[in-house]
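Notes for the one structure printed next.
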Amino acid sequence: MDEHILVRGRVDRSGIVIADINLNSLGWWTTKHNGYASREAIEQLNEVHGFLPVSTLQGAGASAQARRKRFLKHHLYRRIPPSLRAAIYFVWRYVFRFGFLDGRPGWYFHLLQGFWYRTLVDAKVMEIQRYADEHRISITAAIETLTGIAPLPPTNTKAEPKANA
């Protein structure tokens, strides 16, 4: 799940410095990313099963960085077998992008963000597919059962007036 904000209107640069000094615990972080992994698994399953409208991030409003990341994710990363891709991504981040220069905190960050999180997404996709197959239910029903997230958009529940005969 890659978040890219699309802004309508004018955007300016500012001279102020914004520091995200996150003092939350590792438990908080893993809980947050477990939820992100569920949503990213749903996004991947949606690409195969088409139960929700497709994201508009490919559109003209998306930044070049967002379009490039999405292209690499869909045309390179997802073509690598799930059993290998998280490990390859971790090595790319930690070795080739010099994550090792971040010291011990960097080791844990890249291990958790680059390997654990990506492996968790793949495991959730597999779990949902297997659950749907074993219980002979739809992918959307399996998603809701296993994640608690209702993947279908709400429907109009307003009853249509009956015609008098």
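Those letters in the sequence shown? Residues 19 to 183, by my numbering.
Beta carbons: idealized from backbone N, C-alpha and C, even for Gly.
| query | result |
| --- | --- |
| Candidates Glu152, Phe127, Ile146, Asp151, of which the one nearest Glu162 by Cα | Ile146 |
| Backbone CA spacing between Leu130 and Thr49 [nearest angstrom] | 12 Å |
| Alpha-carbon to alpha-carbon, Ile34 and Leu164 | 43 Å |
| For Leu24, the three-state DSSP class (helix, strand or coil) | coil |
| Collapsed DSSP secondary structure at Phe116 in the structure displayed | coil |
| Euclidean distance between Cα positions of Gly68 and Ala59 | 13 Å |
| Contact under 8 Å by Cβ, Arg136 with Tyr107 | yes |
| Endpoints, alpha helix (DSSP H) assigned at Gly124 | 121-128 |
| Coarse secondary structure for Arg31, derived from DSSP in three states | coil |
| Outcome for Ser81 when other beta-carbon atoms lying within 10 angstroms are tallied against a minimum of 16 | exposed |
| Backbone secondary structure at Asp38 - three-state DSSP | coil |
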